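Residue numbers (our numbering): 107 to 521.
All C-beta atoms, glycine included, are put in the ideal place defined by N, C-alpha and C.
Just so we're clear, the structure is a prediction, and the values are computed from it rather than from any experiment.
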Amino acid sequence: MDEFQLYTFPNGLRLYHQQFPSRITHCGFVMDAGSRDETAAEMGMAHFIEHLFFKGTKKRKSIHVLNRLEVVGGELNAYTTKDKTCVYASVNSDYFARTAELLSDIVFHSNFPEKELVKERNVIHEEIDMYLDSPEENILDLFQEKAFQNHPLGFNILGTHESLNSFSRQDILNFYGSWYIPERMVFVYNGPKSLKQVQRILEKHILPIPAANGQAKQRLWFKSDVYHSFQYKEETNHVQTYLTIGGLAPGNQAEDRSAMALLTNIMGGPGLNSRLNLAIRERHGFAYDVEANYQAMRDIGLFHIYVGTDSRHLKKARELIYKELEFWKQKGLNNLQLHRYKNQFKGQILMGEENRASLILSAGKMILDERPIETLENLFKRIDAITPEQITEVARRYWSDNSLSELTFLGKGSE
């Protein structure tokens, strides 16, 4: 994320600009709105709005939205998380002006037509059912629901069939008006045009949008009493048994976030030499898929380990996971061993630098979270500075026996 520039429009919308000599431009809007900003009655609203961005504007029907970039070989996409909504595109750099106009039109001028609400509601009903049939996805959703109970952090991003059916067009307009405002948005750009060129193209679409002038809703931040550790088992019709163990983790502004990220990568990252993969899959053959993940928002993070296994191997796989957690709390690695894993982690980060679209979306999220956008050099210095003692401290702080939670989907034939 080296050599970038920032500019703020009069209405508060920010522009992240990174000039890069390429025939492909990546750009889009990152918005500080997600499922954690909903009430119980609004569960799934942010995700619904993301879908509806593609369903028509004041001057375009849905088919015209979909075709505008497709006909020049471009790609238009979007996603919703707990705290962000992203609408972005990749396109031949010659068509950036066309892309900027389209993105601005769907973000600021979607009209959420009633007939499209009915169709898209049905699409999301199918999406919900698809995830319910996918235990590796469903188990984490249920884990968060039980960990955070009635707090918005525990809300399913897709919502429920019931909540989805309850939304009126006016409900959608109210939620959109409260959260999707210029001050909560960043337009991100990576391509060959200069900052001034991008500004000039965007100004005609951005400047007419008024600032919220202090009318924006405020996010409900995490408090320690929101999280509740638990143990839960549920019988299912799945062939495999699925287990998730996890708990709270540092937020993305915490000083120990880098140590947690490195530790998670060592335990269950994408490398075939991750310690959990070696222990559970390679040494014992108890699972095909075992992984550890760390997700961080501005105020809180969540760590979890996931494994899918035959019910006969559940007890052994579970014991190996807790043995690994205990190893980090009691012993850990020496400096040389940790150094090797640091090199691996940095190499994986370098590989990710090839995905320019993902990089600029991440930069937009950092800006909205008021985090400094680090150069690779500074990021690597921070990783290199992590000590074995810091790793042990993080493991002890977040993985105490009374803070971890456990959720199991028992497969057919489980005892």
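Residue i beta carbon near the ligand NAP (any heavy atom closer than 7 angstroms)
| i | result |
| --- | --- |
| Pro127 | Absence of the ligand NAP is noted for the structure shown, with no ligands found whatsoever. |
Distance CB(residue i)-CB(residue j) smaller than 8 angstroms
| i | j | result |
| --- | --- | --- |
| His410 | Thr350 | yes |
| Glu220 | Leu264 | no |
| Gly407 | Pro356 | yes |
| Glu242 | Tyr348 | yes |
| Val178 | Phe160 | no |
| Tyr412 | Glu425 | no |
| Leu158 | Ser210 | no |
| Tyr194 | Ala463 | yes |
| Asn256 | Ala147 | no |
| Ser330 | Asn508 | no |
| Ala52 | Tyr400 | As displayed, the chain neither begins before 107 nor continues past 521, which places residue 52 out of reach and without an answer. |
| Pro298 | Phe126 | yes |
| Cys192 | Leu467 | yes |
| Gly118 | Pro258 | no |
| Phe154 | Leu270 | yes |
Buried versus exposed call for residue i [16 or more other C-beta atoms within 10 Å across all chains shown]
| i | result |
| --- | --- |
| Met373 | buried |
| Tyr169 | It is Ile, not Tyr, that sits at residue 169 in the sequence shown. It is exposed - the Cβ of Ile169 has fewer than 16 other Cβ atoms within 10 Å. |
| Tyr122 | buried |
| Leu513 | buried |
| Asp143 | buried |
| Trp327 | exposed |
| Glu176 | exposed |
| Lys167 | exposed |
| Arg120 | buried |
| Tyr338 | exposed |
| Gly391 | exposed |
| Thr481 | exposed |
| Ser511 | buried |
Beta-carbon separation (whole angstroms), residue i vs residue j, contact threshold 8 angstroms
| i | j | result |
| --- | --- | --- |
| Gly458 | Val136 | In fact, because the Cβ distance is near 17 angstroms, the residues do not count as touching under 8 angstroms. |
| Phe110 | Gln124 | 5 angstroms |
| Ile278 | Ser196 | So it is not a contact: roughly 28 angstroms between Cβ atoms. |
| Trp434 | Leu378 | Incorrect: roughly 20 angstroms between the Cβ atoms, too far for contact. |
| His311 | Gly517 | So it is not a contact: roughly 52 angstroms between Cβ atoms. |
Residue i in three-state terms, based on DSSP
| i | result |
| --- | --- |
| Ala253 | helix |
| Tyr237 | helix |
| Gln359 | coil |
| Val292 | strand |
| Ile406 | coil |
| Ser509 | coil |
| Met411 | Just to set this straight, residue 411 is Ile in the shown sequence, not Met. If DSSP states are grouped into helix, strand and coil, Ile411 belongs with the strands. |
| Ala367 | helix |
| Ala139 | coil |
| Gly377 | coil |
| Tyr504 | helix |
| Arg120 | strand |
| Asp395 | strand |
| His157 | helix |
| Ala184 | strand |
| Gly260 | helix |
| Lys302 | helix |
| Val178 | coil |
| Gln346 | coil |
| Gly517 | coil |
| Gly470 | helix |
| Gly438 | coil |
| Asn484 | helix |
| Tyr113 | strand |
**Study point:** Segment contact, 8 angstroms Cβ cut-off, at least three pairs: the segment 246–263 with the segment 198–206
**Key:** No, the segment 246–263 is not in contact with the segment 198–206.
Review point. Using 8 angstroms as the threshold, is the segment 475–491 in touch with the segment 444–455, meaning 3 or more CB pairs across them?
Key: A contact exists between the segment 475–491 and the segment 444–455.
Check your understanding: Is it true that the segment 373–386 meets the segment 420–438, where meeting means three or more beta-carbon pairs spaced less than 8 angstroms apart?
Key -> Contact holds: three or more Cβ-Cβ distances are below 8 angstroms.
Check your understanding: With contact counted as at least three CB pairs below 8 angstroms, one residue from each stretch, are the segment 139–157 and the segment 182–189 in contact?
Key -> They touch, by the three-pair rule.
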